[in-house]
Amino acid sequence: MVNHAMRSLFVLVLLCIMTVCYGSQSDALDNLEVDVSGRINGATHSPPQDSEYKQFEGVIRLDLIYTMDLLDYFWLKLNPRLQFDSEHTSEGGIDDITDNEDTRRSIDLREGFLEYRSRRFDYFLGKRIFSLGKADYFNPSDKINPKDYTDFLDTTKIGVFATGFEAQFGTRSSLDAYLIPFFTKSRVYLTDHRWAILPPESASLADLIQEDLPSKDGENIQAVFRYKAYLTNLDVALVYLRNIDDIPVFLARTQESISQEYRRENIFSVNASTTYGNVEFHGEIAYYNVEEEVFGAFLQYVVGINYFTQDRFFQKELEFIGEYLNGVDTQDPNDQVLVEEAFDLTRTFENSLFFRAEYSATDFSTITFTDLFLCSTTELNNVVRLEYIYNPNDQMNVKLGADMIWGENGTLLEQFEDNDRIWAEVEFFF
C-alpha cells in the first residue's frame, strides 16, 4: 500500500507541474511548444442474466497526454491516467473480490519519457510503450511491454522503464536499440475471478504457488535490436529480443509446491510487408530459444492480408483484415512438467485465425465485426465481437457492442464462456 501511495503521489505531482508549466508560458519562450490533449472514457459491461457474475460493471478513465518541445532538440511526453473502476468487482460463485493495486491502479503514469531528437539520431529515457511487428493482432516479437489481462478481451500494454536510440542510415534503413533494466510482469488473475487463468477446480492450488520474480541484476536486463530496411515496395525488419516472458508458467516440481516462474528467452524474428493496389500483405517468422531446458524452443509464424475497397452502392469504405498464426514446438513432451498446458499463455493462440471486417456505414458511423478463431487438432475456441461506432465529430465517440465466447471443455476459453456481455462506451476527446 505504501508503494502504491507513493506512485499515486508521484503522478499527482507531475500533474501539478504540468499545469503550472502550461499556465506559465510567455511570449518570450518562443522555442517552447506545449500541447495538451486527452480523453475521457466511460464504459459499462452487462453479462447475460444467467451469469453467476455481477450484472453491471463500470469504468471511467481520464487520460491526459502532455507533450512539450524544448530547445529545438528535446521532446517530453507524459501520459497519466486516472481511473475509477468497478469493472473487476463481481459477485457470486467463486468470484467475490474487489479491484486492488494488483489489478488496475486508480492512478498510473502510462508513459513518461524525455527524447533527444536530431536529423539522424534520436535518444530517449523513461517509461514507454513500444510497438514491434507489422501485423494487426498476432505479433510474435512484440513482447517488450507486458499486458494488463484483467479484462482478457480488452488487453492493454503496460509501460516499461527503458532507454535507447534510433539511428537513421540515409532514407532507406534504420537501427533501433532499447535496454529495459527492470522486469515488469503482466497483470494476470490466478483464481477467484471471471478472467482467472487457473480453472476453478485448481483454485486450491493457489495456496501452493510460490512466485519467483527475476532478480534486478545485469543477468536479467532485457534488450531489443531492430534493423529496418525500406526496399522497393517492400518493408523488412530484423529483430533480436533478449526477453523475460512477462506471463508466468506454473511448474509442479514437488507435490508440496508449485513455482510461478518467468522464462528467459532469446527471440530472432524477420517480418515484412508489401502493398499491391488495395491489398497489403504482411508476415513474420520468429524463433524462440528459451534458456531454461525444461521449456525447449519453438517457432511461430504469422501471415496476414489487409484489403481496402468501397462498396458499389453507397461508395463507403470497406476494410478486411485476416491473419493466421501457427507454430512448431520443438520441446520434448517427456520434459513437460506444466501443471496444465492452458497455463502457458505464450502458446495459447497457436493454429489461430483472426478476421476483422470494418464498414463505414455513414459519414458518422462504423460497423465492425471481429472474429478470433482458435483451433487445433483437439480444441475449438471462438471469440466474436460486434461493434457499432458513432462519431458525430472529432471530439466524441459512442460505441455499442457485444462479446461472445465459445470454448471446448478443458481449454482456457471454456472457463470464460459465462463472460459473454453487451457493452456501451462513450469517449470525449479534448
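Using the working numbering, the letters of the sequence shown map in sequence onto residues -2 to 427. Backbone N, C-alpha and C fix where the C-beta goes; we use that ideal spot for every residue, glycine too.
Let me make sure I understand the geometry here. Which of the options has the alpha-carbon closest to that of residue i?
{"i": "Tyr321", "options": "Leu350, Phe305, Tyr304, Asp391", "result": "Leu350"}
{"i": "Arg260", "options": "Asn275, Asn268, Glu288", "result": "Glu288"}
{"i": "Phe162", "options": "Ile419, Ala294, Phe118", "result": "Phe118"}
{"i": "Tyr385", "options": "Asn406, Val423, Glu108", "result": "Val423"}
{"i": "Tyr175", "options": "Gly167, Leu122, Leu210, Thr153", "result": "Leu122"}
{"i": "Gly215", "options": "Leu106, Ile177, Ala132, Gln307", "result": "Ile177"}
{"i": "Ala294", "options": "Glu277, Phe278, Leu409, Glu262", "result": "Glu262"}
{"i": "Ile318", "options": "Arg418, Ile37, Leu68, Lys131", "result": "Lys131"}
{"i": "Asn286", "options": "Glu258, Val56, Asn323, Asn240", "result": "Asn240"}
{"i": "Thr272", "options": "Leu296, Ser266, Ile302", "result": "Ile302"}
{"i": "Met401", "options": "Asn394, Val395, Leu410", "result": "Leu410"}
{"i": "Phe413", "options": "Phe149, Ile141, Ser357, Asp145", "result": "Phe149"}
{"i": "Lys124", "options": "Gly156, Trp420, Asp145", "result": "Gly156"}
{"i": "Leu369", "options": "Asp243, Asp139, Asn378", "result": "Asn378"}
{"i": "Val246", "options": "Asp69, Ala269, Ile218, Ile194", "result": "Ile194"}
{"i": "Leu129", "options": "Ser266, Gly324, Leu296, Val381", "result": "Ser266"}
{"i": "His394", "options": "Glu30, Ile37, Asp32, Val33", "result": "The sequence as given places Asn at residue 394; His does not occur at that position. Comparing Cα-Cα distances from Asn394 to each of Glu30, Ile37, Asp32, Val33, the minimum goes to Ile37."}
{"i": "Ala354", "options": "Ile419, Phe366, Glu347, Val33", "result": "Phe366"}
{"i": "Ile419", "options": "Val381, Asn406, Asn390", "result": "Val381"}
{"i": "Thr64", "options": "Lys74, Thr41, Arg58", "result": "Lys74"}
{"i": "Asn230", "options": "Glu30, Phe278, Ile264", "result": "Phe278"}
{"i": "Gly167", "options": "Asn136, Asp151, Arg116", "result": "Arg116"}
Please classify residue i: does DSSP put it in a helix, a strand, or coil?
{"i": "Leu410", "result": "helix"}
{"i": "Asn416", "result": "helix"}
{"i": "Gly274", "result": "coil"}
{"i": "Gly215", "result": "helix"}
{"i": "Lys313", "result": "coil"}
{"i": "Arg223", "result": "strand"}
{"i": "Ile194", "result": "coil"}
{"i": "Gln297", "result": "strand"}
{"i": "Thr363", "result": "strand"}
{"i": "Ile241", "result": "strand"}
{"i": "Leu210", "result": "coil"}
{"i": "Glu405", "result": "coil"}
{"i": "Ile94", "result": "Because Ile94 sits at a pLDDT of 37, beneath the cut-off of 50, its placement in the model cannot be relied upon, and the point is left open."}
{"i": "Phe180", "result": "coil"}
{"i": "Asp391", "result": "coil"}
{"i": "Glu112", "result": "strand"}
{"i": "Asp173", "result": "strand"}
{"i": "Leu281", "result": "The sequence given here has Glu at residue 281, not Leu. Strand, per DSSP."}
{"i": "Leu235", "result": "strand"}
{"i": "Tyr385", "result": "strand"}
{"i": "Val334", "result": "Its pLDDT being 45, under 50, Val334 is placed unreliably by the model, and the measurement read from it follows with that caveat. If DSSP states are grouped into helix, strand and coil, Val334 belongs with coil."}
{"i": "Thr86", "result": "Model confidence at Thr86 stands at a pLDDT of 44, short of 50, so the residue's coordinates are unreliable; what they give is reported in the following sentence. In the structure shown, Thr86 sits in coil (DSSP, three-state: anything other than H, G, I, E or B)."}
Can you round the beta-carbon distance between residue i and residue j to whole angstroms, since I take them to be within the 8 Å contact cut?
{"i": "Leu383", "j": "Gly398", "result": "6 Å"}
{"i": "Ser183", "j": "Pro211", "result": "Not quite, the Cβ-Cβ distance comes to about 13 Å (not below 8 Å), so this is no contact."}
{"i": "Tyr134", "j": "Phe71", "result": "About 35 Å separates the two Cβ atoms, so there is no contact after all."}
{"i": "Val236", "j": "Arg223", "result": "5 Å"}
{"i": "Ser170", "j": "Ala226", "result": "5 Å"}
{"i": "Ile62", "j": "Leu79", "result": "Incorrect: roughly 13 Å between the Cβ atoms, too far for contact."}
{"i": "Tyr146", "j": "Trp192", "result": "7 Å"}
{"i": "Lys213", "j": "Phe179", "result": "6 Å"}
{"i": "Phe426", "j": "Gln392", "result": "5 Å"}
{"i": "Val300", "j": "Gly274", "result": "With a Cβ gap of about 18 Å, Val300 and Gly274 do not count as contacting."}
{"i": "Val185", "j": "Ile244", "result": "7 Å"}
{"i": "Tyr387", "j": "Ser362", "result": "5 Å"}
{"i": "Glu314", "j": "Gln307", "result": "6 Å"}
{"i": "Ala164", "j": "Leu172", "result": "5 Å"}
{"i": "Asn323", "j": "Tyr298", "result": "6 Å"}
{"i": "Ala283", "j": "Pro137", "result": "4 Å"}
Tell me the DSSP bridge mates of residue i?
{"i": "Val185", "result": "Paired residues: none, contrary to the question."}
{"i": "Leu369", "result": "Phe351, Val380"}
{"i": "Ile318", "result": "Asn303, Arg353"}
{"i": "Tyr63", "result": "Val33, Leu75"}
{"i": "Ala421", "result": "Thr41, Leu397"}
{"i": "Ile57", "result": "Gly39, Phe81"}
{"i": "Gly167", "result": "Answer is none; Gly167 lacks a bridge partner."}
{"i": "Phe428", "result": "Since the displayed the chain opens at -2 and closes at 427, residue 428 lies outside it and no answer follows."}
{"i": "Glu258", "result": "Asp209, Val246"}
{"i": "Asn230", "result": "DSSP lists no partner for Asn230."}
{"i": "Ile105", "result": "One detail in the question is off: residue 105 reads as Asp in this sequence, not Ile. Asp105 is bridged to Arg78."}
{"i": "Ala358", "result": "Paired residues: none, contrary to the question."}
Within the 7 Å Cβ cut-off, does residue i reach chain D?
{"i": "Asn76", "result": "The structure shown has no chain D; it contains just one protein chain."}
3 or more residues per run - each beta strand (DSSP E) lying fully within the region 114 to 164: Given a length threshold of 3 residues, each whole run of the beta strand (DSSP E) inside the region 114 to 164 is given here in chain order: 118 to 125.
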